[in-house]
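Enquirer: If you read the sequences in order, they're chains A and B.
Going letter by letter, the first sequence gives residues 1 to 321 in this note's numbering.
Going letter by letter, the second sequence gives residues 1 to 347 in this note's numbering.
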Amino acid sequence: MSGNILQIRDLTLSVSERDGSMATAVDHISFDVREGEILGIVGESGCGKSLTVMALMGLLRDDVKATDGQILFQGEDLLKISPLRRREISGKDMSIIYQEPMTSLNPLIRIEKQVAEPLRLHGKVSKEEMHKKALDLLTEVGIQDPEACLKAYPHQLSGGMRQRVMIAMASICSPRILLADEPTTALDVTTQAHVLDLLKRINREYGTTIVFISHDLGVINRICDRVIVMYAGRIVETGTCRDILDAPCHEYTRGLIRSIPTRDRKGEELPCIPGRVPSVEDPKEPCPFAPRCLRALEICHKEAPACVRIDEDHTACCHLC
Amino acid sequence: MEKNKISTRDILRVEHVNNYYSKGGLGILKKAERNQVLHDVSLTIGNDEFFGLVGESGCGKSTLANAILGLIPFEGTIEVAGHRHRDTDRKEFTRHIQAVFQDPLSALNPRKTIGETMREPLRAHNVGTRQEQEQMAARMLETVGLDASYADRYPRELSGGQRQRVCIGAALMLQPELIIADEAVSALDVSVGSQILNLFNTIDVERDFSMLFISHNLNVVYYLCDRIAVMYKGYIVEQGTADAVYNHSGHPYTRLLLSAIPDMEEANDREKELLEKFKDPVPGACVYYHRCPYANAHCHKKPDLVNIAAKGEPEHLVRCCMPTLFDPESLAEPAHLPGASLRKEPL
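(1) Just to confirm, are A:Ile213 and A:Leu199 a CB contact at a threshold of 8 Å?
(2) Given A:Val141, which residues of its chain have a CB within under 7 Å of its CB, disregarding the five upstream and five downstream residues?
(3) What number of angstroms, rounded off, separates the C-alpha of B:Asp208 from the C-alpha of B:Phe200?
(4) Assuming the contact rule is C-beta atoms closer than 8 Å, B:Gly76 and B:Asn18 should be a hit. Round their C-beta distance to whole Å, please.
(5) Under 8 Å Cβ to Cβ from B:Leu275, same chain only, skipping five residues before and after it: list those, please.
(6) How about A:His122 and A:Asp68: do their beta carbons lie closer than 8 Å?
(7) Quick one: any contact between the segment 77-88 of chain B and the segment 110-126 of chain B, if contact means 3 or more CB pairs under 8 Å?
(8) Contact criterion: CB-CB distance below 8 Å. Does B:Ala267 meet it with respect to chain A?
(9) Any beta carbon from chain A within less than 8 Å of B:His316's own beta carbon?
(10) What does the alpha-carbon distance come out to for the pair A:Thr103 and A:Ile299?
(11) Give the range of the alpha helix (DSSP H) segment to which B:Ser215 is assigned.
(12) Excluding the five sequence neighbours on either side, which residues of its own chain have a C-beta within less than 6 Å of the C-beta of B:Ile11, listed in chain order?
(13) Which chain B residues sit within Cβ distance under 7 Å of A:Glu45?
(14) Is the shortest distance between the beta-carbon of A:Asn221 and the beta-carbons of chain B less than 8 Å?
(15) Determine which residues of the segment 266-298 of chain A have a Cβ less than 7 Å from any Cβ of chain B, and write them out in chain order.
(16) Mind checking whether B:Leu188 and B:Gly160 have CB atoms under 8 Å apart?
(17) For A:Ser14, which three-state DSSP category applies?
(18) Does DSSP put A:Asp188 in a helix, a strand or coil?
(19) Jot down the residue ranges of each uninterrupted alpha helix (DSSP H) in the segment 156-181 of chain B, minimum 4 residues, whole runs only, in chain order.
(20) Using 8 Å as the limit for Cβ to Cβ distance, is B:Leu274 near chain A?
(21) So which residues of chain A does B:Asn198 contact, with C-beta pairs closer than 8 Å?
(22) Tell me whether B:Asp263 is buried or exposed, calling it buried when 16 or more other Cβ atoms sit within 10 Å of its Cβ.
(23) When the distance is taken between beta carbons, is A:Ser16 closer than 8 Å to A:Ala25?
(24) Counting only beta-carbon atoms, is A:Pro261 nearer than 8 Å to chain B?
(25) In the DSSP output, what is B:Phe50 paired with across the bridge?
(26) Taking just the CA atoms, how far does B:Ala99 sit from B:Lys91?
(27) Applying the 10 Å Cβ sphere with the 16-neighbour rule, what's the burial state of B:Tyr21?
(28) Using the beta-carbon of each residue, which ones in chain A are nearer than 7 Å to B:Gln195?
(29) Compare the C-beta of A:Gln99 against all C-beta atoms of chain B and say whether one is closer than 8 Å.
(30) Can you name, in chain order, every residue of its own chain whose Cβ lies under 6 Å from the Cβ of A:Gly275, other than the five neighbours on each side?
(31) Pull out every residue of the segment 233-246 of chain A whose Cβ sits closer than 9 Å to any Cβ of chain B, in chain order.
(32) At a CB-CB cut-off below 8 Å, which residues of chain A make contact with B:Met264?
(33) Report the partner residues of B:Lys301 according to the DSSP bridge assignment.
(34) For A:Met230, which three-state DSSP category applies?
(35) Are the CB atoms of A:Pro278 and A:His301 nearer to each other than 8 Å?
(36) Check the Cβ of A:Thr190 against every Cβ in chain B and list those closer than 8 Å, keeping chain order.
Have a look at this one:
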């Protein structure tokens, strides 16, 4: 691992409300993505993890604005670059896989054209070469009959195959960063295991940096090197996978891990986190988790907690650690 | 507090149910080409029992649920609390069986307040006066962990977890004997999903009902249910007590599902291999043949469900040509199949 490939500094994303006001969805988050790692971003719905990744990719909806901060990629601030430069980067240096492969593939275009599209846009490559590259990649991602697959339309493929096609499409220009937004959530457990193995292999063999979003800590455990835990638009804890899963420091991370039904919890009451995930419109607390925290002190409702360094890589934003 | 109640009578009896859908073709040709979705499915759910049904998408879990609810035609017998679809009025039937679905927002009428939604089953069946209905709805809201004041709100004002609580409450209003929960926690956040699982457990103590809990997540099913059935391509391949199926699985498919669950175990276990080995299908072979890592020449026939439980133990059925493949006492690899090297291959 050599240095940081992406540096996110004080990134703030605001959503315009119907009444014209702005609500902060992602609140001054800073983190680094290291070259060659698989970084997991975990959190429940509405915590801002997808928005963050969309901001990295420059695909924010019209009603979401980056109001502060920087995203530094090779010395460039991705929030300030021109749309033209953005198109050069998208698909070539950075690409993305979404949760639902069916909705991200065009149902009217054959797989071959879709998989080769980034090549057509980014490199001067002959048709034969494109065909060969697409064929190689489909074989690489584990599609058994790649020739037939290239000629197929998306609806003819199973969910797992479609997600493999998406991965092939995203990696055809050998991007340095692959963003994956819940890529396995819509898949069966067995297919999920295969797709996770595939992403891991891409990371190992090509050194592609992967930013992997999930709400499932089990999936994070299987694939990630480092983990960022987000809650209500803020980063509450970061650390290596083992730090976070074996020795979590933030009460939210602890609660999340405790509430998963596992083998030895049969019949017991699950220790769950009371309350619900705050929505963007809810009034902001100094510590976003304080209202649901079982161990919250007086200070938690008054002062925002600073991020405490627990270990070399492990930090948590909590008054209690 | 594992439930060890002896079931006095069966709430649900599903016997030899088959279901088909026609594929392609037109008019009279339709019948010629029909796909079988459910193959001779039989199961019973006892009084106050939680029964889990697991399998991958497309295995027929929801089709079975729909057949039990009477939403699709089927062949065979389905009896809910002693009532059969054919002999019972559709409305009368809904007194005995209710369902909770995956997405609570689409299950609730956006133009009705929560109170109206909760009262609807009572109104449809002419239970009590308007005032009594309101009281019952308020009480039910408290049972499912919501304040009675929620009765005046609309679904859009509630969070996903709260909406699912409303759905569960509405399903329980008529005190049905059987609840069918089709992926009821899959769409919820982790912390909220666990609240709903706890809710099922606490309501079960307060009110007597049985549940058919359908999920693709074996962990959740194991946590909640007394007995589990595993389905694969329309067949029940394994069925038994939660402990037997989860901890002493007898079918290779169940073991595959278990090995695929991404869990929180240590790093060494992360490189877990999938117990899967693809080969060419053989006509007439066991339905799981092409994926089974242990399949051999014995498997070129359709296996029946065999009870592999020891004498005196609760029934543990496995649909496998080599039902003694796994020693139910341990999870050791079968000794007589050396070098069953498990190769990972894509789907």
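Glycine is no exception: its CB is placed at the ideal position from the N, C-alpha and C atoms.
Expert: This is what the structure holds:
(1) Position 213 of the first sequence, counted from the first residue, corresponds to residue 213 of chain A. Position 199 of the first sequence, counted from the first residue, corresponds to residue 199 of chain A. Their beta carbons are not under 8 Å apart, which means A:Ile213 does not touch A:Leu199 by this criterion.
(2) Walking along the first sequence from the start, residue 141 of chain A turns up at place 141. Contacts found: Arg164, Ile167, Ala168, Leu198.
(3) Numbered from 1 along the second sequence, position 208 holds the residue referred to as residue 208 of chain B. Numbered from 1 along the second sequence, position 200 holds the residue referred to as residue 200 of chain B. Roughly 11 Å separates the two Cα atoms.
(4) Position 76 of the second sequence holds residue 76 of chain B. Position 18 of the second sequence holds residue 18 of chain B. Indeed they touch by this definition, with Cβ atoms about 6 Å apart.
(5) Counting from one through the second sequence, the residue named residue 275 of chain B turns up at place 275. Hits under 8 Å: Pro252, Arg255, Leu256, Ser259, Pro293, Leu342.
(6) Taking the first residue of the first sequence as 1, we reach residue 122 of chain A at position 122. Taking the first residue of the first sequence as 1, we reach residue 68 of chain A at position 68. For A:His122 and A:Asp68, no; Cβs fall outside 8 Å.
(7) no
(8) Here residue 267 of chain B is taken as the residue at index 267 of the second sequence, counted from 1. Only weak support exists for where B:Ala267 lies, its pLDDT of 48 falling under 50; the coordinates are left without a value.
(9) The residue labelled residue 316 of chain B in the question sits at position 316 within the second sequence. No - not a single Cβ of chain A is within 8 Å of the one on B:His316.
(10) Position 103 of the first sequence, counting from 1, holds the residue named residue 103 of chain A. Position 299 of the first sequence, counting from 1, holds the residue named residue 299 of chain A. Spanning the two alpha carbons is a distance of roughly 46 Å.
(11) Your numbering for residue 215 of chain B matches position 215 in the second sequence. B:Ser215 -> not in any alpha helix (DSSP H); beta strand (DSSP E) instead, spanning 210-215.
(12) Numbered from 1 along the second sequence, position 11 holds the residue referred to as residue 11 of chain B. The residues are Ile45, Asn47, Ala81, Glu177, Leu178, Ser210.
(13) Within the first sequence, numbered from 1, the residue matching residue 45 of chain A stands at position 45. What sits at residue 45 of chain A in the sequence shown is Ser, not Glu. Here the neighbours are Asp189.
(14) Looking up residue 221 of chain A in the first sequence gives position 221. Interface residue, yes.
(15) Lys266, Gly267, Glu269, Leu270, Cys272, Ile273, Arg276, Val277
(16) To locate residue 188 of chain B, count along the second sequence from 1; it is residue 188. To locate residue 160 of chain B, count along the second sequence from 1; it is residue 160. Yes, these two residues count as a Cβ contact at 8 Å.
(17) Your numbering for residue 14 of chain A matches position 14 in the first sequence. If DSSP states are grouped into helix, strand and coil, A:Ser14 belongs with the strands.
(18) Residue numbering aside, residue 188 of chain A sits at position 188 when the first sequence is read from its first letter. In this structure, A:Asp188 counts as coil in the three-state DSSP scheme.
(19) 160-172
(20) Against the second sequence, residue 274 of chain B aligns to sequence position 274. B:Leu274 counts as touching chain A.
(21) On the second sequence, position 198 is the one that residue 198 of chain B refers to. Per Cβ cutoff of 8 Å: Glu269, Leu270, Cys272.
(22) For the purposes of this step, residue 263 of chain B is taken as the residue at position 263 of the second sequence. Flag for B:Asp263 reads buried.
(23) On the first sequence, position 25 is the one that residue 25 of chain A refers to. On the first sequence, position 16 is the one that residue 16 of chain A refers to. Contact: no.
(24) Taking the first residue of the first sequence as 1, we reach residue 261 of chain A at position 261. Output row for A:Pro261: interface = yes.
(25) Taking the second sequence and counting its residues from 1, one reaches residue 50 of chain B at position 50. Beta-bridge pairing links B:Phe50 to B:Met211.
(26) Here residue 91 of chain B corresponds to residue number 91 of the second sequence, with the count starting at 1. Here residue 99 of chain B corresponds to residue number 99 of the second sequence, with the count starting at 1. Cα to Cα, the separation comes out at about 14 Å.
(27) For this step, residue 21 of chain B is matched to residue 21 along the second sequence. Exposed.
(28) The residue given as residue 195 of chain B occupies position 195 in the second sequence. Correct list: Cys272.
(29) As a first step, residue 99 of chain A is located in the first sequence; it is residue number 99 there, counting from the start. Closer than 8 Å: no.
(30) Stepping through the first sequence from its first residue, residue 275 of chain A is reached at position 275. The answer, listed in chain order, is Arg292.
(31) Cys241, Arg242, Leu245, Asp246
(32) Taking the second sequence and counting its residues from 1, the one referred to as residue 264 of chain B is at position 264. Chain A residues near B:Met264: Leu217, Gly218, Asn221, Leu245, Ile257, Ile260, Thr262.
(33) Mapped onto the second sequence, residue 301 of chain B falls at position 301. For B:Lys301, which the question treats as bridged, DSSP gives no partner whatsoever.
(34) Numbered from its first residue, the first sequence carries residue 230 of chain A at position 230. Three-state DSSP puts A:Met230 in a strand.
(35) Numbered from its first residue, the first sequence carries residue 278 of chain A at position 278. Numbered from its first residue, the first sequence carries residue 301 of chain A at position 301. Going by C-beta atoms, A:Pro278 is not nearer than 8 Å to A:His301.
(36) Position 190 of the first sequence, counting from 1, holds the residue named residue 190 of chain A. Ordered by position in chain B, the residues that pass the 8 Å Cβ test against A:Thr190 are Glu56, Leu256, Leu257, Ala260, Leu274, Glu276, Leu347.
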